[in-house]
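Visitor: Each residue of the sequence shown is one higher than the last, beginning at 541 in the working numbering.
Positions of the beta carbon are idealized from the N, C-alpha and C atoms, including for glycine.
For clarity, every value in this text was computed on a predicted model and none was experimentally measured.
Once you've had a glance at the structure underneath, I'll fire off some questions.
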Amino acid sequence: MRAARTEGHGVAAGLSRPGLRGREAELARLRALVEAVRDGEGGAVALLLGEPGIGKTALLRETVSLARAHGFVVSHGRAEELHELAPLASLASGLLHGDPPLLSGADFADLAGHHDQRIWLVERLAQLIEERSAGTPVLIAVDDVQWADPLSRFALSVMPARLSGSPVLWLLTGREDPEPYGQGQRTTTLPLRPLPDAALTELARDVLGGDVPERVAELLDGAGGNPFLATEMLAGIEASGADGTEPPERLVLGVRDRLADLRPDTLHFLRIGSVLGRAFSLADAAALCGRPASGLSAEVDESIAAALLHDDGERLLFRHDLLRQAVYADLAPSVRRALHREAASRLVAAGRSSADAVPHLLKSAEPGDQEAIGLLDTAATDVISVMPDLAADLAVRALELVPPRAPMAYDVGERAIIALTRAGRYTQARDTGDALLARQPPLDVFARLQSVLGDTLWHLDDVHELTRRSTAALAAVTDPAIRARLTARQALARSRGRDLAAARETGERALAEAERAGDREARVLALWGLGEIALNAGDCAAAVEHHTALSVFDTAFLPEEAVARIHMDDFDTVRRTLRTAGDAPLRPAMLIWAQGTLNMALGRLDDADADLVTAERLEADLHVPGNLVNIRVNRGLLALLRGDREAARDHLAVVRATVADRPNTGNRATHRYFEAVVADADGDHATAADLVRSAQRDHPFLRWRLLRPHVVQAVGIALRGGDRNLAEALAAQAAEHATRNPSVPTAQGTAAHAAGLVNADRALLERSVRILLTGPRPLPLAAASADLGRALRAAGDPAATAALTRAHDIYAQAGADAEADRVRADPEPAARRSGRRTRSPRPRPDQGWDALTASERKVARLIAAGHTNRSAAETLVVSPHTVNTHLASIFRKLSVRSRVHLARIVLAEDDAGTATGG
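Right under this line is the structure:
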């Protein structure tokens, strides 16, 4: 007798009906999730994982039926193995075909029109689902998620967290898959184990009736606890008995009994179908069979009668993928390859897209296959904007098929380098280019390859190699457009160097060459380079000029224009610029970074932190953390303003790890300064001064735009560290920066403030305050007022009180509690204003209503009033992504899971406020 299988199953529980034997525990957990979502407990994710045939689809269907019975709107889709090139196909298969459909055709057409903007598309899709779930719970079920197309996988990894407060249940089935679908507290993972013996016995009774003979029980051991295989075996036993000499393997693959009885034409038809995938159209199968579709009715009927195929009215489907695999496995490998290649050709001949043909080419194409190379190349171009990793794989495969000495290798290789770079696979892109260069191509080809490798090297932060290669290529190039691109790349590289005058000259030459050549790419690169050079040189007006021209030419560069204008103190124009980004910005993370930079400058620390968290999340979603150092340094500096040293150290740890991975010059300078500020806060003033000195030594401090607002702080660090020479050098730089930017109040006031500290000059400090009062930045004004107040107090001047009080109030209003406390800690005059003692800011708690920021309270009240994230964003004139961040923080601080719970808390708080007159 066999050993009983009982692991992981509550055998004592009552057995479920046929088809769900042994799945009582899993079904109970799924039922509880459905009821929790229905009852307003917020969103949830359920992952059903296991081998083919283990019962995932049966549980999914049962959950779908249960959800419908509880009033859910249901989207039930399936991913197909050969459809990964169709963006959003896996989700669309359910979203558009429910009863009623979750999305209208018009909604989906709008989404499809923006499929090249992943973040926008997923946010818009989430908005539509959020709106649909406002009055009715929603179930989104996707079967076989391991085959989902990359865009659907991206959406499924992001949207559950985005919709965690809405009544949306995500039910995904797949094989053991490490994809981070819906990671979080409300994710339930159900690994389906082999059925226990008791469930297999009940299953046998369902099929055979009566008691189960010992011989049948022994044969069922061959199913390994897999319910689908067990059912197939039982069907074979029911048809031909359990006795005989046939080995159990025949019963394990019980489908073979049915295949053996089919007519040869039907068997051939099924084999063709198995090549086309689990679901296929009769027209495609007919084309591959070389027969009219009308002539295949007998084969279709026989396949359906044998319980191998199912007709859903649009396509033919194998009843289970294991059935398709059994048919497919009977084909010799060479036959499979030939059929896949023929399928690709016939699909192309029938006018189908490259997305339909390429999956077959990946299984069949051989070196030298010109049609396959062309189709793979086209497919890579079609999907690069939305699925860059897939595009890179396709482009590399196309290059692999090109014979080594074929001239077309350079064109195909160039596109592979571009695709790999877009996918962030920079080292592979460089290696691919170098392998092509090693073949000693013609000089113009050499220059062209070096031009595209310039983008790769820029992302690798290897500006030395970029300079060397662009210089070598310029000596060989004859094509005017490629010359202009190379010159522009050279200007970009030189923007990181010391000789910015030479860099500017190179950039201007690149722009002139681009205009003469009429080359758009070269013009963009040249304007970008000139803008970078101007910002690094501290010429803010020139930076605005170049970046404005660039953003007019290419709106993807609106964030750069916004940041350049922030350096000019032109905040009103920045607000308008950010609003003109439209509903579908091409670079949402950078746009929100610009918004966060503006909020930092305005002293809106809570809003700035939310923006920075949002920008980091968006970069993480796309797996392109290019701005992570700047984001974390800003968040760390913000944490120190609030007095949260522990958070600052956490941010510093991330910065250290990131700089070790991406050690570019700007990252190193910014990192060193942040290390200095943390050391200074810890009282290690000598180390702090050494760190500022090293940043200043390697490159002038004000070269790095992130550091400019902090030059006064750096002067203070130098003075506390006993390095007067460093303090004087920093003050001199600030003065030079002010000279270059005579119309920028912050530049003028900061220079006066720095000089006032170095020279202990009250008049300069007073001048600094007067200038900064005319500017838009409150925190530099507070710092100057505090230093002026201390100087006046030391001189016994009663005007100290007004200056210190101004500093305290500005800091307190901004939420810069640590700085407010420093000012308040000064002797008594600082704490009085017109005979009234100012109140020390109360530390904000971590949990509860009082933990919410002002913006979070606004969002909470809007959501409680029935707003969607999108409508709340429109009301507050912020990005929906920022509202998402606020809402996640609100849920965490209030320990709620749904909008329903949030509405109750808001109502209670408002009632309490009314009762107390608050």
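Ignoring anything shorter than 3 residues, give me the beta strand (DSSP E) runs that lie fully in the stretch 559-636, in order along the chain.
Guide: If we require 3 residues or more, the beta strand (DSSP E) runs fully inside the stretch 559-636 come out as 584-589, 613-618.
Visitor: Candidates Ala1081, Glu1276, Phe1111, Thr1117: which alpha carbon is nearest Ala1096's?
Guide: That would be Thr1117, whose Cα lies nearest to the Cα of Ala1096.
Visitor: State buried or exposed for Gly1219, treating a residue as buried only when at least 16 other CB atoms are found within 10 Å of its CB.
Guide: Looking at the sequence itself, residue 1219 is Ala, so the reference to Gly does not match. Looking at its Cβ environment, which holds 16 or more other Cβ atoms inside 10 Å, Ala1219 is buried.
Visitor: Buried or exposed: where does Glu670 fall if 16 or more other Cβ atoms within 10 Å of its Cβ makes it buried?
Guide: So Glu670 counts as buried.
Visitor: Which runs of the alpha helix (DSSP H) spanning at least 4 residues fall entirely within the stretch 1183-1215, listed in chain order?
Guide: The stretch 1183-1215 contains these whole alpha helix (DSSP H) runs: 1185-1201.
Visitor: Is the beta carbon of Asp1263 sitting closer than 8 angstroms to the one on Arg1243?
Guide: No, Cβ-Cβ distance for Asp1263 and Arg1243 is not below 8 angstroms.
Visitor: Please identify the residue among Ala1221, Asn1174, Ser1325, Leu1344 whose C-alpha is closest to the C-alpha of His1508.
Guide: No answer is possible for residue 1508: the residues shown for the chain start at 541 and end at 1458.
Visitor: Looking at Leu1168: is its Cβ nearer than 8 angstroms to the Cβ of Thr1205?
Guide: Cβ atoms of Leu1168 and Thr1205: not closer than 8 angstroms.
Visitor: Determine the closest residue to Trp710 out of Ser615, Gly1037, Leu802, with distance taken between C-alpha atoms.
Guide: The residue with the shortest Cα to Cα distance from Trp710 is Ser615.
Visitor: Specify the secondary structure class of His808 as computed by DSSP and reduced to three states.
Guide: It is helical.
Visitor: Would the stretch 1154-1165 count as touching the stretch 1127-1139 if we require 3 or more Cβ pairs under 8 angstroms?
Guide: Touching, per the Cβ criterion.
Visitor: Using a 10 Å radius around the Cβ and a threshold of 16 neighbouring Cβ atoms, would you call Ser1438 buried or exposed?
Guide: Buried, because 16 or more other Cβ atoms sit within 10 Å of the Cβ of Ser1438.
Visitor: On the CB-based measure, 16 or more other CB atoms within 10 Å of its CB, does Ser1435 come out buried or exposed?
Guide: Exposed, because fewer than 16 other Cβ atoms sit within 10 Å of the Cβ of Ser1435.
Visitor: Is it right to say Gln980 is buried, meaning 16 or more other beta carbons lie within 10 angstroms of its own, or is it exposed?
Guide: Answer is exposed; the Cβ neighbour count stays below 16.
Visitor: So what's His1407 in DSSP terms, helix, strand or just coil?
Guide: Of the three classes helix, strand and coil, the one that applies to His1407 here is coil, per DSSP.
Visitor: Since Leu567 contacts Leu560 with CB under 8 angstroms, what's their CB separation in whole angstroms?
Guide: Confirmed, about 6 angstroms.
Visitor: Determine the extent of the beta strand (DSSP E) in which Pro731 is found, giving its start and end residues.
Guide: It spans 727-731 - the beta strand (DSSP E) in which Pro731 sits, taken as one unbroken run.
Visitor: To the nearest angstrom, how far is the alpha carbon of Arg1379 from that of Ala1347?
Guide: With a pLDDT of only 47 at Arg1379, under 50, the local geometry of the prediction cannot be trusted, and the value read off the model is given with reservation. For Arg1379 and Ala1347, the distance between alpha carbons rounds to 14 angstroms.
Visitor: Quick check on DSSP: helix, strand or coil for Trp998?
Guide: Note: Trp998 maps to helix in three-state DSSP.
Visitor: Which residue marks the beginning of the alpha helix (DSSP H) containing Thr713, and which one marks its end?
Guide: Here Thr713 belongs to no alpha helix (DSSP H); instead the beta strand (DSSP E) covers 708-714.
Visitor: I'd like to confirm the pairing. Which residues does DSSP put opposite Ala1545 in its beta bridges?
Guide: No information on residue 1545 is available, as it lies outside the stretch 541 to 1458 that the chain covers here.
Visitor: Within this structure, are the beta carbons of Leu939 and Ala949 separated by less than 8 angstroms?
Guide: Their beta carbons are under 8 angstroms apart, which means Leu939 touches Ala949 by this criterion.
Visitor: Between Arg1372 and Thr1345, what straight-line distance do the alpha-carbon atoms span, to the nearest angstrom?
Guide: Its pLDDT being 46, under 50, Arg1372 is placed unreliably in this model, and the coordinates cannot settle the point.
Visitor: First and last residue of the alpha helix (DSSP H) that includes Asp933?
Guide: It spans 928-941 - the alpha helix (DSSP H) in which Asp933 sits, taken as one unbroken run.
Visitor: Would you report the Cα separation of Gly813 and Phe820, rounded to the nearest angstrom?
Guide: If I take the Cα positions, the gap works out to 7 angstroms.
Visitor: Measuring alpha carbon to alpha carbon, tell me which residue in Ala1066, Ala1015, Leu983, Leu989 is nearest Ile957.
Guide: Measuring from the Cα of Ile957, the nearest candidate turns out to be Leu989.
Visitor: Measure the alpha-carbon distance for Arg658 versus Glu1414 and round it to whole angstroms.
Guide: Those two C-alpha atoms are separated by around 21 angstroms.
Visitor: Locate the beta strand (DSSP E) running through Leu679, then write down its first and last residues.
Guide: Unbroken beta strand (DSSP E) run through Leu679: 678-683.
Visitor: If you count every other CB in all the chains shown that lies within 10 Å of the CB of Val574, and 16 or more means buried, which is it?
Guide: Its Cβ being crowded by 16 or more others within 10 Å, Val574 is buried.
Visitor: Please state whether DSSP places Asp639 in a helix, a strand or coil.
Guide: Looking at Asp639 - three-state DSSP - the assignment turns out to be coil, as it is neither helix nor strand.
Visitor: Just the Cα atoms here: how many angstroms apart are Ala1340 and Asn1076?
Guide: Cα-Cα distance, rounded: 37 angstroms.
Visitor: Whole angstroms are fine: how far does the CA of Ala1303 sit from the CA of Ala1313?
Guide: The question names Ala, but residue 1313 is Leu in the sequence shown. Near 15 angstroms, if we compare the C-alpha coordinates of Ala1303 and Leu1313.
Visitor: Expressed to the nearest angstrom, what Euclidean distance is found between the alpha-carbon atoms of Asp1450 and Ile1073?
Guide: Roughly 53 angstroms between the two C-alpha positions.
Visitor: Where Thr1137 and Leu1181 are concerned, what is the direct C-alpha to C-alpha distance, given to the nearest angstrom?
Guide: Rounded to the nearest angstrom, the two C-alpha atoms are 15 angstroms apart.
Visitor: Based on DSSP bridge pairs, tell me the residues matched to His1293.
Guide: The partner list for His1293 (beta bridge, DSSP) is empty, contrary to what the question assumes.
Visitor: Exposed or buried, Arg664, counting other C-beta atoms within 10 Å across all chains shown (16 or more means buried)?
Guide: Its Cβ being crowded by 16 or more others within 10 Å, Arg664 is buried.
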